[in-house]
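Undergrad: Have a look at this one before I ask anything.
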Amino acid sequence: MSLRSRLACIFAALAIASIAVTSFFAREMAMDALHNAAQRQLSQAAQLMSERLAIHMSERLNDIVMTSALWERLPAADQTVRRSYLDDLKATTANYAWIGLADLTGHVVVASGGILEGADVSARPWFDAGQRSPAALDVHEAKLLARYVPSTDGEPVRFVDVTAPVHGASGAVDGVLAAHLSWNWAAEVRHDILSTLADLAQSDLMVISENGEVLLGPHSLLGKTFVTPDPAIELFAAAHVPSMGAFGGLGWTVVARQPVDAALAPMAWLDHALLGAVLVLTLLAALAGWRIAGWIARPLTLLAASAEAVRAGAAIESLPTGRFREARQLSNAVASAFCRLRQSEAELRSVNATLEDRVAQRTRELEAARARAEAAATAKSDFLATMSHELRSPLNSIIGFADVMLDAANLPAEAERRLRLIRTSGDALKTVVDDVLDWSKVEAGKLQLQPQPFDLRRLAETSLAIVGVQAQAKGLTLSADIDPGLPLHVAGDEGRLRQVLLNLLNNAVKFTPGGSVTLSLRQGAGDAIVVAVVDTGIGMTAEQRGRLFQRFAQADGSIERRFGGTGLGLAISQKLVNLMGGEITVASEPDRGSCFSFVVALPAAAPADATPAADAPPAADAASAATRHGRILVVDDLAVNREIAAAMLEMAGHDVVTCAGGAEALELLPAGRFDLVLMDVQMPEMDGIEATRRVRQLPGAVARTPVVALTANVIPEEITRFRAGGMNDHVGKPIQREALLAVVDRWLGRNTPAVPEAPVDAAAFDRRIFSNLLALLGSARALQALTTLEAKLTALTVPDAALADLRRLAHTVVSLAGILGFNSLSAAARRLDAADDAADADAALQALRGSGVEAAAQIAALIAELREAAGAGDVQAKRVA
1047 MSLRSRLACI FAALAIASIA VTSFFAREMA MDALHNAAQR QLSQAAQLMS
1097 ERLAIHMSER LNDIVMTSAL WERLPAADQT VRRSYLDDLK ATTANYAWIG
1147 LADLTGHVVV ASGGILEGAD VSARPWFDAG QRSPAALDVH EAKLLARYVP
1197 STDGEPVRFV DVTAPVHGAS GAVDGVLAAH LSWNWAAEVR HDILSTLADL
1247 AQSDLMVISE NGEVLLGPHS LLGKTFVTPD PAIELFAAAH VPSMGAFGGL
1297 GWTVVARQPV DAALAPMAWL DHALLGAVLV LTLLAALAGW RIAGWIARPL
1347 TLLAASAEAV RAGAAIESLP TGRFREARQL SNAVASAFCR LRQSEAELRS
1397 VNATLEDRVA QRTRELEAAR ARAEAAATAK SDFLATMSHE LRSPLNSIIG
1447 FADVMLDAAN LPAEAERRLR LIRTSGDALK TVVDDVLDWS KVEAGKLQLQ
1497 PQPFDLRRLA ETSLAIVGVQ AQAKGLTLSA DIDPGLPLHV AGDEGRLRQV
1547 LLNLLNNAVK FTPGGSVTLS LRQGAGDAIV VAVVDTGIGM TAEQRGRLFQ
1597 RFAQADGSIE RRFGGTGLGL AISQKLVNLM GGEITVASEP DRGSCFSFVV
1647 ALPAAAPADA TPAADAPPAA DAASAATRHG RILVVDDLAV NREIAAAMLE
1697 MAGHDVVTCA GGAEALELLP AGRFDLVLMD VQMPEMDGIE ATRRVRQLPG
1747 AVARTPVVAL TANVIPEEIT RFRAGGMNDH VGKPIQREAL LAVVDRWLGR
1797 NTPAVPEAPV DAAAFDRRIF SNLLALLGSA RALQALTTLE AKLTALTVPD
1847 AALADLRRLA HTVVSLAGIL GFNSLSAAAR RLDAADDAAD ADAALQALRG
1897 SGVEAAAQIA ALIAELREAA GAGDVQAKRV A
């Protein structure tokens, strides 16, 4: 067979094969597209009807619930007014067939249109269900109303019932309010939706009950058990009718269906079109192959002869090419390839001669780039250290003097408000600086975890307590859901985990205008702990969620304007959780709240060893720990910083001496008998590190005087340098009074705040828990928490209060009493909250009231002590001023 004939046959065969394969896949894709389109529309129709059914049932149930709540406000003596009210309610929606109120004997007292008044309905299911709670009941045929509501289509009249209890002034159930909804409204919804499915011929919608009975659909299937259709014969989609609001759902399922033949009817036309296309295109391909084969064969024959001549030694520049451009290009390419090969050999020899020089030049360039990168990293570290110092130094004055002035007595209300604004703004700026420094450590890979055993429940309680005041100010419900199976102590970095929890909780409180915020701790697989913060706040869109963990990014610009922040908190929290081996995930929808969660491995651990380390602060004995006041030397070149530190320390009862530099401190120390030195780091002439080195060289016990750095440079490299220079600890600027006093107390051996001990029962009250909370929150917040608990205990003693209200109140007492150290009170409140029946609840209530009486005296003593301590601080503040 000649080349021309062979190529013609090959082209024809390829054309037939390609067209057949293309047609096959085109047909399959078309069938899939039609099938999917029909399935998608059926799903949409089923979902739409399920939502409309749920909305309607929810609205009608809400009507009845609201009417039951308002019923006692209607004149009880005049049933005409109440009947008129029910008639008006019935007129608002055409689907109401009857609305009435039955007393507890089961007799209809008043009804719309007066129908069934006096009738006994005690045997009707809606009367029994309505006595317990608002409810919706499934479809049923009319019984007592059958003679009042005639059938319009020859079928039995069917209703759906909604019912709710009516409470009297005492809170007890006085009757049951119910409404019968005509089931015809569901048929109208079905008709409306089917009228929109013009593309789905022969489609249908059905409503199936929870037990499989057809409630709505073709007359031939009503009341029968629904049988799932064969997918090869009939397409169908199902959607469950969801619960909505007070409507908890009745287990209904909406099924949309359509015969497969009807859905795939357009395929018949496509089959005919594809067959015709195959025949026509095959003929054209065969003709084209015959002509193309002739054009290709002749130049190839000439080129083969020329190539044979070249192989025999002919010059490649004179290869014959024929009249076609492609053939000329091929022959020219072959000739050029031989020429290029000779040139490449020459170039390769030249490249080998210069390769070593180029490698050396590239190495020098890489070394220069590495040096520039290291210089940039050094410059960045220097910049961060400098900016940290320059920003924190003025913040020290702003926050410090604001704290001192806020402690003054008889401060005008407007002045106090402005000072608190100054204090809040200073804290916000300090948070920005801290976030930037944390992020710099994350980027540099220098953020390291320090795992230690800690109490996981205490961490959760203190974190909630810290945000509790802000949540209470907004009227939010703040709660914890802690798995009782969690280990008491776990091993992990408590400080970094607290940083993550506080960031998530603060965000939840910030973005929740009303509702609740819940911290959940659950046991996962193995050592995994599942942590979640759930709120009922403003929520987020999918686009906003995608930007959450980017640095300096927030959900959108409006969020930044409304709520503020740097956009670093979540980015830092994500990096911290990544270091712990987890990842923060978020689920959120607009106006439906958010849930931030992560899983970290926190293995169970024994409590931390209480034996102090060699370089730890000295511990004071129990008799003197709460009363010891130290003599402290404050060294700082800025007078304003010395004044702030001295004021804070003197108000706490310490004896303070100040000086302006390291040299002067070295003169004062030998004869001053100081217990502690607070040393600024950056000072002219002699800085704090050099001064500390010289202190360590002094003779006798003065060389062992604890030295605490007062510094605005709090990045890890600087803190390491301070400790290498002989300093024992550090306090960051701007100085926070609580942080300063905590460090001073630690190094003076004061492990508890200076609050006088009250004669309390150790079994009922844990002083250690209260002292830790006081050190963490400060006196003002602790006093507020005690006052709140006192008010809740008073509310528990109100006679004739509803048990449900008392149980809700006890639920709030469980957490509040526990974090304040009132263990017996917390346990008693928990028993009432968990009581299963009325008898257990009554016994638990009496026990809780007894515990409340015992705790009330202790709470009053603690409140008096805190107020007395605050008054003493005010007097000291006046003396300092």
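Here the sequence shown is numbered in the working numbering, starting from 1047 and rising by one per residue. All residues carry an ideal CB built from backbone N, CA and C; glycine is no exception.
1) If we require 4 or more residues per run, which alpha helix (DSSP H) segments fall completely within the region 1173-1254?
2) Between the Cα of Arg1739 and the Cα atoms of Gly1718, Asp1721, Thr1757 and Arg1767, which residue gives the shortest distance?
3) Short check: CB of Leu1147 to CB of Val1222, under 9 Å?
4) May I have the straight-line CA-CA distance separating Ala1334 from Val1067, to the nearest angstrom?
5) Could you give the DSSP three-state label for Ser1089: helix, strand or coil?
6) Counting Cβ pairs closer than 8 Å, one from the region 1280-1297 and one from the region 1117-1137, do we hit at least three?
7) Going by the beta-carbon positions, is the gap between Gln1904 and Phe1868 smaller than 9 Å?
8) Give a yes or no on whether the C-beta atoms belonging to Ile1765 and Ile1815 are separated by under 9 Å.
9) Could you pull the DSSP bridge partners for Leu1281 from this structure?
10) Just list the residues that DSSP pairs Trp1336 with in beta bridges.
11) Nearest CA to the CA of Leu1849: which residue from Thr1704, Leu1714 and Asp1883?
12) State yes or no: is the C-beta of Val1632 within less than 9 Å of the C-beta of Leu1594?
13) I need the straight-line Cα distance from Gln1017 to Val1185, nearest angstrom please.
14) Ordered along the chain, which non-local residues of its own chain (more than five positions away) have a Cβ less than 7 Å from that of Pro1716?
15) Would DSSP call Pro1499 helix, strand or coil?
16) Tell me the rounded alpha-carbon separation between Leu1267 and Ala1157.
17) Is the distance from the Cβ of Phe1642 to the Cβ of Ala1706 below 9 Å?
18) Around the Cβ of Asp1879, are there at least 16 other Cβ atoms within 10 angstroms (buried) or fewer (exposed)?
19) How many Å lie between Asp1846 and Ser1216 at the Cα?
20) List the residues that DSSP assigns as beta-bridge partners of Ser1634.
21) I need the straight-line Cα distance from Phe1557 to Leu1502, nearest angstrom please.
22) What residue range does the beta strand (DSSP E) around Trp1117 cover?
23) How close, in whole Å, do the beta carbons of Leu1622 and Gln1545 come, if the pair is a contact with beta carbons under 8 Å?
24) Out of Thr1858, Gly1297, Arg1337 and Leu1839, which one is the CA nearest neighbour of Asp1906?
25) Here's a check: name, in chain order, each residue in its chain whose Cβ is nearer than 8 Å to the Cβ of Arg1073, leaving out the five neighbours to either side.
26) Assuming contact is defined by CB atoms lying nearer than 9 Å, are Thr1271 and Gly1263 in contact in what I supplied?
27) Please classify Ala1927: is it buried, with 16 or more other beta-carbons within 10 angstroms of its beta-carbon, or exposed?
28) Are the CB atoms of Ala1517 and Val1563 within a distance shorter than 9 Å?
29) Under 7 Å Cβ to Cβ from Ala1804, same chain only, skipping five residues before and after it: list those, please.
30) Taking the straight line between their C-alpha atoms, what separation do you get for Ala1017 and Pro1499?
31) For Asp1133, report the span of its alpha helix (DSSP H) as first-last.
32) Locate the beta strand (DSSP E) running through Trp1298, then write down its first and last residues.
33) The beta strand (DSSP E) with Arg1170 in it runs from where to where?
34) With respect to the beta strand (DSSP E) encompassing Asp1166, which residues constitute its N-terminal and C-terminal limits?
35) What residue does the beta strand (DSSP E) around Gln1569 start on, and which one ends it?
36) Is Thr1113 buried or exposed, if buried means 16 or more other CB atoms sit within 10 Å of its CB?
TA: Per the coordinate set shown:
1) You should have 1230-1241.
2) For Arg1739, the nearest C-alpha among the options comes from Arg1767.
3) At a Cβ-Cβ threshold of 9 Å, Leu1147 and Val1222 count as neighbours.
4) CA-to-CA, the gap between Ala1334 and Val1067 works out to about 20 Å.
5) Here Ser1089 sits in helix by DSSP.
6) By the Cβ rule, the region 1280-1297 does not count as touching the region 1117-1137, because fewer than three pairs are nearer than 8 Å.
7) Taking 9 Å as the Cβ cut-off, Gln1904 and Phe1868 qualify as a contacting pair.
8) Going by C-beta atoms, Ile1765 is not nearer than 9 Å to Ile1815.
9) Assignment of beta-bridge partners to Leu1281 by DSSP yields Gln1304.
10) Among the bridge pairs identified by DSSP, Trp1336 is matched with none.
11) By alpha-carbon distance to Leu1849, the top candidate from Thr1704, Leu1714 and Asp1883 is Asp1883.
12) Their beta carbons are under 9 Å apart, which means Val1632 touches Leu1594 by this criterion.
13) Any question about residue 1017 goes unanswered here, given that the chain covers just 1047 to 1927.
14) Correct list, in chain order: Leu1744 and Val1748.
15) Strand at Pro1499.
16) Their Cα atoms are separated by approximately 34 Å.
17) Going by C-beta atoms, Phe1642 is not nearer than 9 Å to Ala1706.
18) Label assigned to Asp1879: buried.
19) Taking the straight line from one Cα to the other gives about 9 Å.
20) Note: Ser1634 sits in a beta bridge opposite Ser1640.
21) Rounded to the nearest whole angstrom, the C-alpha separation of Phe1557 and Leu1502 is 26 Å.
22) From DSSP, Trp1117 is part of no beta strand (DSSP E); its letter is neither H nor E.
23) The distance from the Cβ of Leu1622 to that of Gln1545 is about 7 Å, consistent with a contact at the 8 Å cut-off.
24) The question names Asp, but residue 1906 is Ala in the sequence shown. Of the candidates Thr1858, Gly1297, Arg1337 and Leu1839, the one whose C-alpha sits nearest the C-alpha of Ala1906 is Leu1839.
25) Here the set comprises Met1313, Leu1316, Asp1317 and Leu1320.
26) Gly1263 sits away from Thr1271, with the two beta carbons spaced by 9 Å or more.
27) Note that Ala1927 scores a pLDDT of 34, beneath 50, so its modelled location is shaky and nothing firm can be said.
28) Annotated as proximal: Val1563 and Ala1517, with beta-carbon spacing under 9 Å.
29) Only weak support is given to the placement of Ala1804: the predicted model assigns it a pLDDT of 37, under 50, and the question is left unresolved by the model.
30) Past the boundaries of the shown model lies residue 1017; the chain is included only from 1047 to 1927, so the question cannot be answered.
31) From DSSP, the alpha helix (DSSP H) with Asp1133 extends over Gln1125 to Thr1138.
32) Annotation: Trp1298 is outside any beta strand (DSSP E) and is labelled neither H nor E by DSSP.
33) According to the DSSP assignment, Arg1170 belongs to no beta strand (DSSP E), since it is labelled neither H nor E.
34) No beta strand (DSSP E) holds Asp1166; DSSP gives it neither H nor E.
35) For Gln1569, the enclosing beta strand (DSSP E) starts and ends at Ser1562 to Gln1569.
36) Thr1113 should be labelled buried.
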